[in-house]
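*Asks:* Quick note: the sequence shown, position 41, residue 40 per numbering that gives the first Met the number 0, numbers continuous.
After the structure tokens below, expect a handful of questions from me.
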Amino acid sequence: MTAQPKLQPREATAPQLINVLHSPKRIRVKFGGRVIADSRNVLVLRSNHFLPIYFFPLAAVDQSTLKPSKQG
Numbered sequence: 000m001t002a003q004p005k006l007q008p009r010e011a012t013a014p015q016l017i018n019v020l021h022s023p024k025r026i027r028v029k030f031g032g033r034v035i036a037d038s039r040n041v042l043v044l045r046s047n048h049f050l051p052i053y054f055f056p057l058a059a060v061d062q063s064t065l066k067p068s069k070q071g
């Protein structure tokens, strides 16, 4: 298992940079040997000092693996 990167909070004076781009590659999410999501039509949100966030079309996600969050 690889070590998690140490992310630092964004400096109050640093400009907030946000980019949303189409991924140029196919993105596949596997968990426990099972494919959870697979698509060539993924949006990637990138922000300075934070890890990227991937947005999949709902049709590309195995919805049987989803459940509501406890936060409602």
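The beta-carbon is built from N, C-alpha and C at its ideal position, and this holds for glycine as well.
Compute the distance between the beta-carbons of LEU65 and ILE52, then report whether it is under 8 angstroms.
*Replies:* Position 66 of the sequence shown holds residue 65. Position 53 of the sequence shown holds residue 52. No, the pair does not count as a contact, with Cβ atoms beyond the cut-off.
*Asks:* State the CB to CB distance for the pair VAL41 and PHE55, rounded to an integer number of angstroms; the pair is presumed to be in contact (CB under 8 angstroms).
*Replies:* As a position in the sequence shown, residue 41 is number 42, starting the count at 1. As a position in the sequence shown, residue 55 is number 56, starting the count at 1. Yes, VAL41 and PHE55 are in contact; Cβ-Cβ is about 6 angstroms, under 8 angstroms.
*Asks:* Would you kindly work out how many angstroms separate the C-alpha atoms of LYS77 and ALA59, rounded to a whole number?
*Replies:* In the structure displayed, the chain extends from 0 to 71; residue 77 sits before or after that span and is not available.
*Asks:* Please state the DSSP three-state secondary structure of ALA36.
*Replies:* Reading the sequence shown from its first residue, position 37 is the one you call residue 36. Three-state result, ALA36: strand.
*Asks:* With distances taken from CA atoms, which of SER22, GLY31, ASN47 is nearest GLN15?
*Replies:* Here residue 15 refers to the residue found at position 16 of the sequence shown. That would be ASN47, whose Cα lies nearest to the Cα of GLN15.
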